[in-house]
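Residue numbers (our numbering): 808 to 1317.
Please read the structure below before turning to the comments.
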């Protein structure tokens, strides 16, 4: 594979992970990392030969950590941990999540604290590069000790067990390796635990959710700008003097986005001297609401950047001091809190968007034809689109309940506080999906509204967005199946077409 990202355990960025996860870019291990990995493994082999007691290497796991394992059984112990911990259930995780998990795990190992052999890590990278997608069930992790269950399912394929997808076809792990001419590996002392004891399920989901959230926030600003025009709102609430008086970074950026998106709007200029003093909160306060989400995403990004380049297994090997230590870097609390926060911030974008949709379709609030369609009564127009948005927003409110406030002791109370970070991360994924639909509906409704101002030109950014939408979805003159229209706009949202068109006209959005 020619197109590969070099991993070294310290300079891995979100944009690179997304390329690996979604664009089939491969990975390779840096020379510097190879040296660190080999030094750590040499120490593990030395300690095993000396009969040292090392958690998970020469002892049992969890509540069984006081049970000594003889040298002859260390290989069997590593295989057993994969078998016993592969207890997941639910649907297989999406390909991009699994690819992200593998890349993040390899980057963790590149730090040289795991004690894994280089050949084992290279084999894991090879699985990703060859397009093998281990079957990883979505449920079963409590977020400490790391994501044991999903990581066990992922790691089974290395030894020719479990299941995997190859070119979309589900098969045995052994069959997947044969398909790509890869030999299964026999795990050595400590490798089974090192493979599964980490936070890569949580962080993979969190990274992809954050990437999508940043994209969503740009679209939320664009949708709000289009709605502002359609609802005959004013740009005065975005005056930078207002936002410098309360200088939250996200708020300032969102207000600037809104100003640039709606610049040169003939629709807005046409009612500059009207009697309305100020707009409803969903229009006037969009910088404050969207901006708070921008700031939340910035915090989450800091947490994720640290986690992407951390050692999250236990025990940790420190070759520079010829030492190993047992600790708790596998605990998912930093990610659990961040993912809960991320989910809440994304849900708020949907919340305010749905209220703008209601204003667009309600003739008493918009002054436009009821539900944005001619011959109301015969046609229902966008009436049920608002119903659908309301349903998704209400679902988000349930999903936004924090998972991190819960903890159930496990492993005979040895592991007596867990993060539930995996649940927080999975909820984030669902909130993102729902919010994409809601903002797609707002974009669709706002485009329909702009068409009603046939003799006036929209703003620079809003017109660009409108034209992209109209390239895929026609103006609605009579009722038709709305699900197809919503799906087409969501596709434009996901592939970045709308943002690109807007940024080409007004410059980069924050």
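From the three backbone atoms N, C-alpha and C, an ideal C-beta is built for every residue, glycine too.
Note that the structure is predicted; figures quoted are calculated from it, not measured.
- When the Cα atoms are used, residue 866 and residue 996 turn out to be separated by approximately 10 Å.
- Bounds of the alpha helix (DSSP H) holding residue 1153 are 1140-1168.
- Cβ contact annotation for residue 1143 (same chain, cutoff 7 Å, sequence separation greater than five): 950, 1210, 1211, 1226, 1227, 1228 and 1231, in chain order.
- The stretch 1010-1018 and the stretch 1049-1056 do not touch, with fewer than three beta-carbon pairs separated by less than 8 Å.
- In this structure, DSSP gives residue 814 an extended state, which the three-state scheme calls strand.
- In this structure, residue 1122 lies away from residue 846, with their beta-carbon atoms at least 8 Å apart.
- The distance from the Cβ of residue 1137 to that of residue 953 is about 4 Å, consistent with a contact at the 8 Å cut-off.
- Beta-carbon to beta-carbon, residue 999 and residue 889 are separated by about 5 Å, close enough to satisfy the 8 Å threshold.
- Just so you know, the alpha carbons of residue 987 and residue 925 end up roughly 20 Å apart.
- If you compare the alpha carbons of 863, 835, 1025 and 831 with that of residue 1247, the shortest gap goes to 1025.
- The beta carbons of residue 907 and residue 824 sit about 6 Å from each other, so the pair counts as a contact at 8 Å.
- 1255 is the residue among 1027, 1306 and 1255 whose C-alpha sits nearest the C-alpha of residue 1283.
- Contact between the stretch 1193-1203 and the stretch 1233-1250 is present, with at least three C-beta pairs closer than 8 Å.
- Within 10 angstroms of the beta-carbon of residue 977 lie fewer than 16 other beta-carbons, which makes it exposed.
- Residue 1301 sits in a helix when the DSSP states are folded into three classes.
- Around residue 1187, the same chain offers 1178, 1180 and 1286 as residues with beta carbons nearer than 8 Å, after the five sequence neighbours per side are excluded.
- Selection 1182, 1276 and 860 evaluated against residue 1131 yields 860 as nearest (Cα-Cα).
- Rounded to whole angstroms, the gap between the alpha carbons of residue 883 and residue 1101 is 49 Å.
- When DSSP reads this structure, residue 978 sits in a beta bridge with 971.
- Burial state of residue 1109 is exposed, judged by a 10 Å Cβ sphere holding fewer than 16 other Cβ atoms.
- For the 8 Å CB-CB criterion, residue 919 and residue 844 form a contact.
- Judged by DSSP in its simplified three-state form, residue 834 adopts strand.
- DSSP places residue 1129 outside both helix and strand once states are collapsed to three, so it counts as coil.
- If you ignore the 5 residues before and after residue 1172, its C-beta comes within less than 7 Å of the C-beta of 1166, all in its own chain and listed in chain order.
- In this structure, the beta-carbon distance from residue 958 to residue 931 does not fall below 8 Å.
- As summarised for the stretch 1199-1245, there are no continuous beta strand (DSSP E) elements at least 3 residues long confined to that stretch.
- Contact fails between the stretch 847-859 and the stretch 1112-1119, because fewer than three Cβ pairs, one in each stretch, are under 8 Å apart.
- Rounded to the nearest whole angstrom, the CA to CA distance from residue 981 to residue 1191 is 49 Å.
- Residue 875 is bridged by DSSP to 866.
- Cβ contact annotation for residue 966 (same chain, cutoff 8 Å, sequence separation greater than five): 886, 889, 980, 991, 992, 993 and 994, in chain order.
- Burial of residue 1266 is indicated by the presence of at least 16 other C-beta atoms within 10 angstroms of its C-beta.
- For residue 945, the enclosing beta strand (DSSP E) starts and ends at 944-946.
- Between the beta-carbon of residue 1031 and that of residue 1093 there is about 4 Å, and that keeps the pair under the 8 Å contact cut.
- The beta carbon of residue 969 is closer than 7 Å to those of 893, 941, 942, 960, 963 and 980 in its chain, skipping five residues each way along the sequence.
- Residue state for residue 1174 is assigned as coil, using DSSP reduced to three classes.
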